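2 protein chains.
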Amino acid sequence: MSRVRQILDMNAFDASAGGGGAVKRRLDNLGAASVLFYREPIEMVAARGAWMEARDGTRYLDFYNNVPSVGHSHPEVVAAISAQVARLNTNTRYLVGIVDDYLEALKDKLPADLANVVMTCSGSEANDLAIRIARAVSGRTGFIVTETAYHGNTALVTEASPSALKRSPLPGHVVTVPAPENAAYGDDIAEGFRAAVVAAMKALEARGHGTAAFLADSIFSSDGIFADPAGFLRPAVQAVQEAGGLFVADEVQPGFGRTGDAFWGYERHGIAPDIVTMGKPMGNGFPMAGMAARPEHLAMFCEDVGYFNTFGGNPVAAAAGLAVLKVIAQEGLQENARRVGAHLKAGLSQVAAGSDRVTQMRGAGLFLGIDLGTKDGSGAEDAGYTVQVIDRMRAAGVLIGAAGRYGATLKVRPPLCLNMAEADRFIEAFEKAVRG
Amino acid sequence: MSRVRQILDMNAFDASAGGGGAVKRRLDNLGAASVLFYREPIEMVAARGAWMEARDGTRYLDFYNNVPSVGHSHPEVVAAISAQVARLNTNTRYLVGIVDDYLEALKDKLPADLANVVMTCSGSEANDLAIRIARAVSGRTGFIVTETAYHGNTALVTEASPSALKRSPLPGHVVTVPAPENAAYGDDIAEGFRAAVVAAMKALEARGHGTAAFLADSIFSSDGIFADPAGFLRPAVQAVQEAGGLFVADEVQPGFGRTGDAFWGYERHGIAPDIVTMGKPMGNGFPMAGMAARPEHLAMFCEDVGYFNTFGGNPVAAAAGLAVLKVIAQEGLQENARRVGAHLKAGLSQVAAGSDRVTQMRGAGLFLGIDLGTKDGSGAEDAGYTVQVIDRMRAAGVLIGAAGRYGATLKVRPPLCLNMAEADRFIEAFEKAVRG
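Chains A and B are the protein sequences, given in the same order.
Position in the first sequence (from 1) plus 311 gives the number in our numbering.
Position in the second sequence (from 1) plus 311 gives the number in our numbering.
Take a look at the structure:
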């Protein structure tokens, strides 16, 4: 069992412990595939903006869920979905104006050379397609990911998601590199990470696979959130591209303004991805995702395999996606992520300075990682304590989760509409939670 | 290029032919992944019940799209989606009452032993998971599908979808059997099909893969629609199960009442599937799908790999799915499929009797297949003529598509809310279309 999986399980509901009627129902229905947060799971009944409401009336400030990125139940997104689903919901075998309106609005945000966008239902489907396109284009089969990466849940993408594997080893065509952290690479992360990726390419070459693609989520979410120094990804990506491999920017986590600095995470690194995949925040919860690629690359793949996605690019998804882009612009959410994120980081830095438990804090915009360590102040990761802090935050009405190789990194990832008062509330709750 | 792919392309928009502004936009956006129906694609603006409306005001009777199964823009489904998306849309890491309400309502329709339902976004994701579960349970890697099967678009499921492959051969762990038609097996389809499946198992055994699963859509949609005699699947399925393989019933096409005889297609055959996958009509267009399995089977898979699907089982999908089940029951749509389907079949049989071009008609409920042959009355398949008939039907305001190994089978698949007058309208249009 991977370490991160073990840790995630620590904070999950323990099926053997019994539980209330609602929990029993869920376990009876989903069985072993059920993943409930908290030892005493929360039954939610409503949500709005940065807040979720439980059946018992408790209101929770949501610092975990990055899908409702422009705010839970955003009225503009709700209205767009409701209007379109009442009018027309069909597939891309017909022309529908709003679908191309959306694709064009999305392409306006993307590099001009990635001019084709294939719409899918999930980030998993987008990454599944991206890997296959990279293989078709490069004529090679191997790929490189970080040690605790997660890119999705299909058979192919699970192979590129070490954090999802409990027992099985990675297949031979996947080579991992340590996440871009000082602990692994010292002070020069850019050069260390480049060297690790070059070594991975050599390993794939030696195994006869070669490197079809290097896949990275540029905020390294499941690895523990590594954002700085901006630009560190560039040498590694260039090395892959110079060797004829593709760089797939998995923007499911950092995309759509979350990092504050840029609309896409890869932009912070000054790199030119060959493929961009996106998902979660794209429709603020409406199931939709996508993959942008060069027309000639997509055409190479389609020569061999037809690709059609029944629900992908349906007009309701397009309406949701258009509303999300509009709200991000209208409400200045990328700028808000930068501004409130900086405020949050500054406040949390003060807490960190006064706590032996907080060993490091990192991140960009409204995606921060806070490492928690043992009481002795040695800086050693403390996954058990992290679970305690998560539970204390929950008791204080704040939702938060863990990530990272050791499961000792708090993943701070509120909706982009977070205001200063809500940020302060989090800082205060966190300060109390790490006192003990 | 597979024959069916070639034929489907015959009726698709030809990119090299140029076209209006809306078509150019679409091709600029989707590139090689664009699949537009008709040489002159239709721009749709609205849809209701069994009808779709184009930008130029033309109203089309929809005999193609099986996703909006209870009728396009059904007010009850629209209301359910609109209400839930305004209230709460989150993931299955929290408890949400409507999610378990839906899972229980769905399980009421399924065999009692398939007590765990994993919700996904697409039928492709459901089949991807089903194949992996079958591999984990059986300890084998091979699977059996029909020659022109289509089960989805992920890397793994594409391997089990011969109709999606244009050039590449099937991998060694996939063996195909001819579709269950008289042309392949003579009069005793049940025995012929069983023998073919047993031979396929032997081939997989000889290749060292063994048979993890036999996957079949029991209406054999992309193969050309083969429904009769009900029960013919039983000996083949039993042979697989007796040999320790799993039977995966892909209900994406026949499920949710379409065959009229039963809620699920496999029920017509008196078989007990090990896994049921479902998708398209499940949310009447809301992107959702699912996979039902035995708890112990799901648990075996989850021992090795964690499975979580961000959008799968969200409360809006649950609301849509509940509304669909409610409408099917309230409006008696399964019975309507049986009754109107029988009327349609009878009417079309009369047309067939008077036409040299109609060589065979098959199907169950509101899923019929009509084979079209050459002018000489020899019974040879005529794919070119089939395209002509599809175009004539379009000119008469009826949407219809082709399927089958030769692309010479009309796929008759209207919404389940079809009324007698609409059925008559189709019969009339078809009668005129096959006159020439």
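For glycine and all other residues, C-beta sits at the position ideal for the given N, C-alpha and C.
Here the structure is a predicted model, which is why all the values come from computation and not from measurement.
Reference residue i, options the options, closest by Cα
{"i": "residue 455(A)", "options": "516(A), 607(A), 430(A) and 666(A)", "result": "516(A)"}
{"i": "residue 745(A)", "options": "730(A), 403(A) and 702(A)", "result": "702(A)"}
{"i": "residue 706(A)", "options": "369(A), 600(A) and 337(A)", "result": "369(A)"}
{"i": "residue 547(A)", "options": "567(A), 537(A), 501(A) and 473(A)", "result": "501(A)"}
{"i": "residue 658(A)", "options": "477(A), 531(A) and 731(A)", "result": "731(A)"}
{"i": "residue 736(B)", "options": "709(B), 713(B) and 727(B)", "result": "709(B)"}
{"i": "residue 692(B)", "options": "629(B), 498(B), 714(B) and 648(B)", "result": "714(B)"}
{"i": "residue 371(A)", "options": "480(A), 615(A), 565(A) and 356(A)", "result": "356(A)"}
{"i": "residue 535(A)", "options": "694(A), 407(A) and 727(A)", "result": "694(A)"}
{"i": "residue 344(B)", "options": "733(A), 429(A), 562(A) and 388(A)", "result": "429(A)"}
{"i": "residue 349(A)", "options": "396(B), 341(B) and 406(B)", "result": "406(B)"}
{"i": "residue 564(B)", "options": "700(B), 720(B), 362(B) and 679(B)", "result": "679(B)"}
{"i": "residue 578(A)", "options": "518(A), 549(A), 541(A) and 506(A)", "result": "541(A)"}
{"i": "residue 641(A)", "options": "533(A), 518(A), 728(A) and 445(A)", "result": "728(A)"}
{"i": "residue 561(A)", "options": "530(A), 572(A) and 553(A)", "result": "530(A)"}
{"i": "residue 720(B)", "options": "726(B), 734(B), 412(B) and 698(B)", "result": "698(B)"}
Chain-ordered chain B contacts of residue i [CB-CB under 8 Å]
{"i": "residue 457(A)", "result": "Within chain B, no residue comes near residue 457(A); the closest Cβ sits about 17 Å away, beyond 8 Å."}
{"i": "residue 566(A)", "result": "Ordered by position in chain B, no residue passes the 8 Å Cβ test against residue 566(A), which lies about 14 Å from the chain."}
{"i": "residue 392(A)", "result": "392, 393 and 396"}
{"i": "residue 348(A)", "result": "404 and 405"}
{"i": "residue 384(A)", "result": "396, 397, 398, 399 and 400"}
{"i": "residue 355(A)", "result": "399, 401, 405, 406 and 407"}
Residue i - partner residues in DSSP beta bridges
{"i": "residue 383(A)", "result": "360(A)"}
{"i": "residue 427(A)", "result": "604(A)"}
{"i": "residue 560(B)", "result": "527(B) and 587(B)"}
{"i": "residue 370(B)", "result": "364(B)"}
{"i": "residue 567(A)", "result": "Note: residue 567(A) sits in no beta bridge, so no partner."}
{"i": "residue 354(A)", "result": "406(B)"}
Where residue i meets chain B, residues with beta-carbon distance less than 9 Å
{"i": "residue 379(A)", "result": "400 and 401"}
{"i": "residue 433(A)", "result": "431, 432, 433, 436, 598, 620, 621, 622 and 623"}
{"i": "residue 479(A)", "result": "615 and 616"}
{"i": "residue 415(A)", "result": "336, 339 and 340"}
Listed by chain order, chain A residues near residue i by CB distance under 7 Å
{"i": "residue 337(B)", "result": "406 and 411"}
{"i": "residue 592(B)", "result": "Ordered by position in chain A, no residue passes the 7 Å Cβ test against residue 592(B), which lies about 11 Å from the chain."}
{"i": "residue 469(B)", "result": "616"}
{"i": "residue 636(B)", "result": "In chain order: nothing, as chain A lies at least about 15 Å away."}
{"i": "residue 439(B)", "result": "465 and 466"}
Residues that residue i contacts on chain B, provided the C-beta gap is smaller than 7 Å
{"i": "residue 702(A)", "result": "Under the 7 Å cutoff, chain B gives no residues; its nearest Cβ is about 15 Å from residue 702(A)."}
{"i": "residue 726(A)", "result": "The premise fails here: residue 726(A) is roughly 12 Å from chain B at the closest Cβ pair, so nothing lies under 7 Å."}
{"i": "residue 697(A)", "result": "The premise fails here: residue 697(A) is roughly 17 Å from chain B at the closest Cβ pair, so nothing lies under 7 Å."}
{"i": "residue 443(A)", "result": "466"}
{"i": "residue 729(A)", "result": "In chain order: nothing, as chain B lies at least about 17 Å away."}
Where residue i meets chain A, residues with beta-carbon distance less than 9 Å
{"i": "residue 374(B)", "result": "Correct list: empty, because the minimum Cβ distance to chain A is about 14 Å."}
{"i": "residue 352(B)", "result": "404, 405 and 406"}
{"i": "residue 449(B)", "result": "What residue 449(B) touches in chain A: nothing, since even the nearest Cβ is about 15 Å away."}
{"i": "residue 510(B)", "result": "Neighbours of residue 510(B) on chain A: none; closest Cβ ~27 Å, over 9 Å."}
{"i": "residue 476(B)", "result": "615, 616 and 617"}
Neighbour list for residue i in chain A, Cβ cutoff strictly below 8 Å
{"i": "residue 606(B)", "result": "342 and 343"}
>> Extract the residue ranges of the beta strand (DSSP E) inside the stretch 589-664 of chain B, only unbroken runs of 3 or more that lie entirely within it.
In response: 600-604
> When the Cβ atoms of the stretch 430-449 of chain B are set against those of the stretch 518-528 of chain B, are three or more pairs found closer than 8 Å?
Replying inline: yes
> Which runs of the alpha helix (DSSP H) spanning at least 4 residues fall entirely within the stretch 662-745 of chain B, listed in chain order?
Replying inline: 694-706 and 731-744
> Where in the stretch 467-540 of chain A do unbroken runs of the alpha helix (DSSP H), each at least 4 residues long, occur, reported from the N-terminal end onward?
Replying inline: 493-496 and 500-517
> Along the chain, which unbroken stretches of the beta strand (DSSP E) at least 3 residues long are found entirely within the stretch 398-457 of chain B?
Replying inline: 427-431 and 453-457
> If we count Cβ pairs, one from each stretch, closer than 8 Å, do we get three or more for the stretch 396-415 of chain B versus the stretch 620-636 of chain B?
Replying inline: yes
>> With three or more beta-carbon pairs closer than 8 Å as the criterion, would you say the stretch 422-441 of chain B touches the stretch 594-604 of chain B?
In response: yes
>> Under 8 Å, with one C-beta from each stretch per pair, do the stretch 453-473 of chain A and the stretch 631-651 of chain B reach the 3-pair mark?
In response: no
> Pairing CB atoms from the stretch 465-479 of chain B with CB atoms from the stretch 606-619 of chain B, are three or more of them under 8 Å?
Replying inline: no
> When the Cβ atoms of the stretch 654-669 of chain B are set against those of the stretch 683-690 of chain B, are three or more pairs found closer than 8 Å?
Replying inline: yes
> Is it true that the stretch 492-499 of chain B meets the stretch 418-427 of chain B, where meeting means three or more beta-carbon pairs spaced less than 8 Å apart?
Replying inline: no
> Using 8 Å as the threshold, is the stretch 370-386 of chain A in touch with the stretch 581-592 of chain A, meaning 3 or more CB pairs across them?
Replying inline: yes
> Any chance the stretch 471-486 of chain B sits against the stretch 407-418 of chain B, with 3 or more Cβ pairs inside 8 Å?
Replying inline: no
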